[in-house]
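Single-structure report; data block below.
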Amino acid sequence: MPETPNGDTPHHSATAPFPPFLCTRLPSLFPPQSREDHQQVIKDRRANRKLFLAAHQDNANCIGRLEDLLLAMNLKNKSGAQPARAETGRFDLQKFCTSDGPMYRGPFQETKLFLRWIHGVQKFFETRDVSNTADKIKILGNLIAKTNLQLFYANESAGFLNRSWEEFKARLFEFSLPSNWRSGLQQQVCKLDMSPTETFLEYSTRDCTLQSLFNFDVTNNSKLGDLQLAQFLVYGLPDSLQDWINEHQLLETVPFAYGPFEKQANTSFLALQRPTKTPAAFRPTSRALPSLSHDEFIWQVHSYLDLQGLCHFCKKHCGSVAGACPGPLNRAHINIPSTFQAPPKPPNYNAPRAWNRPTAAPGKPTHAPAGCPTTRAASVAGIADVTPLEAQVAAIREDARWGSYFNSEGCFPNLDPAAVAALEELNEQLLANEIVKAKQADLAV
């Protein structure tokens with residue numbers, strides 16, 4: 038690039054006020070003194086420019102060295118070990134999330150709700166691994182939504198930051214719970230009562246909840262044990278279930294375990310709660326029985342037994358003469374069809390002989406007409422020993438006993454407590470018989 042007579046290029050010279058051709062062509066425009074001043078100004082500006090460029094270069098060099106130093110320091114910090122936490126067990130509370138913690142919204146001095154909340158708070162601390170007392174107290178302040186409890190926290194929490202968590206919790210319990218809150222829970226446990234619409238498992242769960250609340254932060258000597266809880270639980274059960282538990286001595290097990298006790302008691306409860314209604318398929322049709330006198334009732338029974346060839350005493354085909362049946366006397370209910378009509382009783386009626394077994398010739402009717410003498414003699418004995426009222430009562434009881442043993446679910450027996458006890462005794466006897474047989478077999482060998 039061409040240079041000016043003064044040595045500057047036209048693009049980088051900031052000190053030439055006029056183009057070079059004007060200075061060469063019009064030298065007479067400036068007086069001599071003015072030209073000297075102008076040249077001095079140009080020299081000063083050139084010197085200042087050189088100083089500015091030197092200072093700028095020095096600044097650029099310093100900035101480069103600083104960048105190199107910062108980069109070296111950063112690499113050294115990354116390669117070194119990470120700085121440890123200032124204090125073991127502490128958390129950065131600004132980054133700690135408390136939104137998923139349990140919130141307490143009252144009401145004030147409500148024992149069950151407060152104990153459930155403080156129990157949830159301690160579980161929250163355990164799952165988040167919060168062990169420092171100051172952190173626990175500060176986090177707890179974010180889990181309180183009740184106004185009066187917030188005021189208590191604002192006034193007294195700062196004084197417990199350097200003390201133990203147990204001391205702060207004791208003061209919190211003193212403010213938030215009634216003075217006799219354990220006695221109130223113990224009274225509720227002692228007055229347990231099972232409602233008619235409640236199942237056994239619901240009742241047991243309610244009792245176990247009271248036990249867990251009562252045993253919160255209590256020593257082993259003062260805890261409410263499982264055996265005591267089971268005893269109070271039994272006092273509130275229905276009488277039938279209490280009798281079953283006492284009969285099977287479920288509370289006498291050593292060592293006592295609440296789980297097996299609950300399972301056995303619930304099984305008995307379900308067995309006792311089964312419906313006792315007789316299914317329609319097995320329910321006898323109810324019909325209005327005609328009012329019969331004593332003699333008419335006996336004659337109706339006799340005529341039906343004669344028609345079937347049955348003994349009046351044992352109600353079987355025993356072949357005995359009247360009054361000679363060895364027995365035993367059968368008081369069971371006799372199912373007389375509704376279509377049976379007793380014929381008039383002959384004035385000279387004698388009880389016929391019972392059949393040995395029911396026989397009939399091919400092609401001939403099995404029974405003679407009702408009221409007529411049969412081909413075989415039959416006798417009766419003992420019918421006069423039972424009054425019609427006793428026979429009716431026995432028949433009703435027999436129908437009720439057998440009719441209630443079945444339900445609509447596949448004719449499965451619906452057992453009452455007495456039947457359950459009888460079956461258990463039968464099982465025990467069968468087991469004892471098997472043991473005796475095994476011992477006899479061992480002795481024989």
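Just so it is clear: in the sequence shown, position 241 is 278 by the working numbering, and no numbers are missing.
A virtual CB, placed ideally from N, CA and C, is assigned to each residue, including glycine.
According to DSSP, which residues form a beta bridge with residue i?
{"i": "Y141", "result": "I181"}
Assuming residue i and residue j make a contact with CB atoms under 8 angstroms, what is their CB distance in whole Å?
{"i": "V158", "j": "L180", "result": "6 angstroms"}
{"i": "A391", "j": "G356", "result": "6 angstroms"}
{"i": "L130", "j": "D172", "result": "7 angstroms"}
{"i": "L250", "j": "S277", "result": "The Cβ separation is near 30 angstroms, so there is no contact."}
{"i": "Q225", "j": "L247", "result": "6 angstroms"}
{"i": "A388", "j": "H349", "result": "6 angstroms"}
{"i": "A195", "j": "F237", "result": "50 angstroms between Cβ atoms; not a contact."}
{"i": "T135", "j": "I176", "result": "6 angstroms"}
How is residue i classed by DSSP in three states: helix, strand or coil?
{"i": "A308", "result": "helix"}
{"i": "P215", "result": "coil"}
{"i": "W154", "result": "helix"}
{"i": "F293", "result": "coil"}
{"i": "F162", "result": "helix"}
{"i": "R368", "result": "coil"}
{"i": "I488", "result": "Outside the displayed range of the chain (38 to 482) lies residue 488, so it cannot be described from this structure."}
{"i": "D129", "result": "coil"}
{"i": "A359", "result": "coil"}
{"i": "K260", "result": "coil"}
{"i": "H339", "result": "helix"}
{"i": "L270", "result": "helix"}
{"i": "G221", "result": "helix"}
{"i": "E235", "result": "coil"}
{"i": "R200", "result": "coil"}
{"i": "A379", "result": "coil"}
{"i": "F89", "result": "helix"}
{"i": "E465", "result": "helix"}
{"i": "D9", "result": "Lying before the first or after the last residue shown, residue 9 is absent from the chain, which here runs from 38 to 482."}
{"i": "A171", "result": "helix"}
{"i": "A391", "result": "coil"}
I'd like to confirm something about residue i: is its beta-carbon nearer than 8 angstroms to some heavy atom of the ligand GTP, or not?
{"i": "T234", "result": "The model on display carries no ligand, and the ligand GTP is accordingly not part of it."}
How big is the Cα-Cα spacing for residue i and residue j?
{"i": "I282", "j": "D244", "result": "17 angstroms"}
{"i": "D137", "j": "F151", "result": "18 angstroms"}
{"i": "P275", "j": "M231", "result": "8 angstroms"}
{"i": "S201", "j": "K132", "result": "24 angstroms"}
{"i": "Y190", "j": "G178", "result": "7 angstroms"}
{"i": "G273", "j": "F162", "result": "38 angstroms"}
{"i": "L266", "j": "K206", "result": "27 angstroms"}
{"i": "N169", "j": "H156", "result": "18 angstroms"}
{"i": "F145", "j": "K183", "result": "8 angstroms"}
{"i": "P365", "j": "L287", "result": "42 angstroms"}
{"i": "D166", "j": "L112", "result": "34 angstroms"}
{"i": "C227", "j": "Q279", "result": "16 angstroms"}
{"i": "E102", "j": "N114", "result": "Going by the sequence as given, residue 102 is Arg instead of Glu. Their backbone Cα atoms lie some 19 angstroms apart in a straight line."}
{"i": "C351", "j": "T304", "result": "42 angstroms"}
{"i": "N185", "j": "Q223", "result": "27 angstroms"}
{"i": "R72", "j": "N96", "result": "36 angstroms"}
{"i": "P23", "j": "K160", "result": "In the structure as shown, the chain starts at 38 and stops at 482, and residue 23 therefore has no counterpart that could be examined."}
{"i": "H354", "j": "N393", "result": "5 angstroms"}
{"i": "G346", "j": "V358", "result": "12 angstroms"}
{"i": "F334", "j": "L468", "result": "47 angstroms"}
{"i": "I100", "j": "F128", "result": "40 angstroms"}
{"i": "R153", "j": "F306", "result": "30 angstroms"}
{"i": "I472", "j": "A478", "result": "10 angstroms"}
{"i": "S241", "j": "Q466", "result": "34 angstroms"}
{"i": "R86", "j": "H93", "result": "10 angstroms"}
{"i": "L214", "j": "G221", "result": "11 angstroms"}
{"i": "S216", "j": "T164", "result": "31 angstroms"}
{"i": "G13", "j": "L460", "result": "Past the boundaries of the shown model lies residue 13; the chain is included only from 38 to 482, so the question cannot be answered."}
{"i": "E239", "j": "K300", "result": "13 angstroms"}
{"i": "N464", "j": "E235", "result": "32 angstroms"}
{"i": "G262", "j": "N252", "result": "9 angstroms"}
{"i": "L264", "j": "A458", "result": "25 angstroms"}
{"i": "A91", "j": "D81", "result": "15 angstroms"}
{"i": "L108", "j": "A84", "result": "36 angstroms"}
{"i": "F298", "j": "E211", "result": "37 angstroms"}
{"i": "E203", "j": "P292", "result": "34 angstroms"}
{"i": "P474", "j": "H285", "result": "Checking the displayed sequence, the identity of residue 474 turns out to be Lys instead of Pro. Approximately 27 angstroms, taken between the alpha carbons."}
{"i": "Q76", "j": "M110", "result": "51 angstroms"}
{"i": "I174", "j": "L229", "result": "37 angstroms"}
Subject >> the segment 327–347 / the segment 374–394 touching (three or more Cβ pairs under 8 angstroms) >> reply: yes
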